[in-house]
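Participant:
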Amino acid sequence: MPSSLRIAIVGGGIGGLTAALAFRARGLDVAVFEQADEPIATPAGPATPAFSRGDQGYNVHRADFLNLLFDALPRGTVTLGHRCIQLKEEADRVRLSFANGASAEADLVIGADGIRSAVQREIGLQSRPSSEGIMAYRGLIPADRLSWAGDLKDPALWLGSGRSFLLYPVARGRLINMVAFVPSDTDSEESWSAPGDLKALAAEYAGWDKPVQDTINALDETFRWGIYDRAPLPYWSTRRITLMGDAAHPMVPHVGQGAGQSIEDGFTLAVLLEGCSAYDVADRLKVYEALRRERTGNVQALARAAGKLYRSELDDPSEKAVRLREWVAQGKWVFEHDAEKAAADALVDLGC
Ligand SMILES: Cc1cc2nc3c(=O)[nH]c(=O)nc-3n(C[C@H](O)[C@H](O)[C@H](O)COP(=O)(O)OP(=O)(O)OC[C@H]3O[C@@H](n4cnc5c(N)ncnc54)[C@H](O)[C@@H]3O)c2cc1C
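Going by our numbering, the residue at position 178 of the sequence shown is 178; the numbering climbs one at a time, nothing skipped.
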């Protein structure tokens, strides 16, 4: 039976859509408002590259994943073409205003609107980016252009001279995703889709192993992506508004946890909000923050440390490989976490 709590999610990315699915699975009434006019289909591969072993991680084509999530929701759950520009929190509801002149109201608003979150701004926060001094070149290569690509089941990583070069298969092996980090002293755009220069990319990896050169030669295009870090936010919630995903805890990409942590946020909220009345929302959001801020802060710190390891100048490359293996072993806690169980246990502690 649907709950009487009306939940609005701002943003239909991986975080917002998985949260909506998790909410519906628990009978919650949810509406998603997405600014884009159609589901986003930018080619890229969210992944858990460094940890993809056995059942511990999945490499997927972002567009495939978004389409799958969108199609799994009943028609009408996601309202496209609605960019949220203002939230007005009142004692018993939140009013949402959209750039197209429309408005809506809900008992609870969840900001899943990404790294430049309007909801974050509306609750008085502003995370400030600071450059990591690197940028990434990204690209997708049809696997049939690389003779060895069929053998690439796990991520392959090359490290050296302040640079790294990562390849992993996506789209059931039809495509190879490339993420190549290089030092940068210029402010590159924090964008997944700014065009990059193939010649500049080739120059960065001149003299590297043949598969690296082959991959660069096989690219039709590449994208530049400035890598910025942000300190954890001091709070995520008011009484009726909260944040999730990149809006709450943007992180550098070195452990591929942006998507995974946003999914955990949504499943945590679903457990905490099931059967919850509008009256209980503020208390449940406090539990949500207590569960998620510390954990995502730790993942943010792990990602930062991984970036430093990638960029470190060690004379002996094998030492870097040893440290990388140690670091992967230490990072197991990222995957061994059961977000739904943690939320259910927290409710028991509350006496719910
Ligand atoms: C194009 C793209 C490619 C990516 N590629 C990778 C990758 O290869 N590897 C990786 O680990 N991570 C990647 N990420 C990041 C990763 O997807 C996110 O860390 C993770 O999915 C968390 O997502 P999110 O839903 O919190 O935010 P996002 O995925 O950024 O989704 C936010 C959504 O909110 C919408 N939105 C924004 N503002 C408003 C507003 N005011 N009103 C309504 N809607 C709004 C946006 O259009 C978007 O659909 C990518 C993100 C993007 C956007």
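Just so you know, even glycine gets a beta-carbon here, dropped at the ideal spot from N, CA and C.
1) To the nearest angstrom, how far is the alpha carbon of A50 from that of G256?
2) So for I115, helix, strand or coil by DSSP?
3) Going by beta carbon distance, what residues of the same chain come within less than 6 Å of K88, once the five residues before and after it are set aside?
4) Among A112, L167 and G226, which residue has its Cα nearest to the Cα of V60?
5) For I134, collect the residues of the same chain with a Cβ closer than 7 Å to its Cβ; drop the 5 residues on either side in sequence, then sort them by chain order.
6) For Q86, which of helix, strand or coil comes out of DSSP?
7) Which two residues bound the contiguous alpha helix (DSSP H) that contains Y310?
8) What are the complete alpha helix (DSSP H) segments, minimum 4 residues, inside the segment 167-255?
9) Which residues in the same chain have their Cβ closer than 6 Å to the Cβ of D197, if we skip the five residues on either side of it in sequence?
10) Under a three-way DSSP split, which group does L108 fall into?
11) Along the beta strand (DSSP E) that carries R6, what are the first and last residues, could you check?
12) May I ask you to verify whether the segment 282-300 touches the segment 323-343, counting CB pairs closer than 8 Å and requiring at least 3?
13) Spatial neighbours of G54 within its chain, please: CB distance less than 8 Å, with the 5 preceding and 5 following residues excluded, ordered by chain position.
14) Thinking C-alpha only, which one of P253, A200, W192 and D349 is nearest R138?
15) State the DSSP-derived secondary structure class of A99, mapped to helix, strand or coil.
Facilitator: If we stick to the structure as given:
1) Unreliable positioning characterises A50 in this predicted model, as indicated by a pLDDT of 41, which lies under 50. The coordinate reading is nonetheless provided below. Rounded to whole angstroms, A50 to G256 spans 8 Å at the Cα level.
2) coil
3) Excluding sequence positions up to five before and after K88, its CB lies within less than 6 Å of the CB of R95, all in the same chain and listed in chain order.
4) L167
5) F181, V182, P183, S184, I227 and R311
6) strand
7) Run containing Y310: V281 to R311, per the alpha helix (DSSP H) assignment.
8) For the segment 167-255, whole alpha helix (DSSP H) runs of length 4 or above, ordered along the chain, are 198-204 and 210-218.
9) none
10) Here L108 sits in strand by DSSP.
11) First-last of the beta strand (DSSP E) with R6: R6 to V10.
12) yes
13) Note that G54 has pLDDT 47, beneath the 50 cutoff, so the model's placement of it is unreliable and the number below is only indicative. None.
14) Minimum Cα distance to R138 is reached at W192.
15) coil
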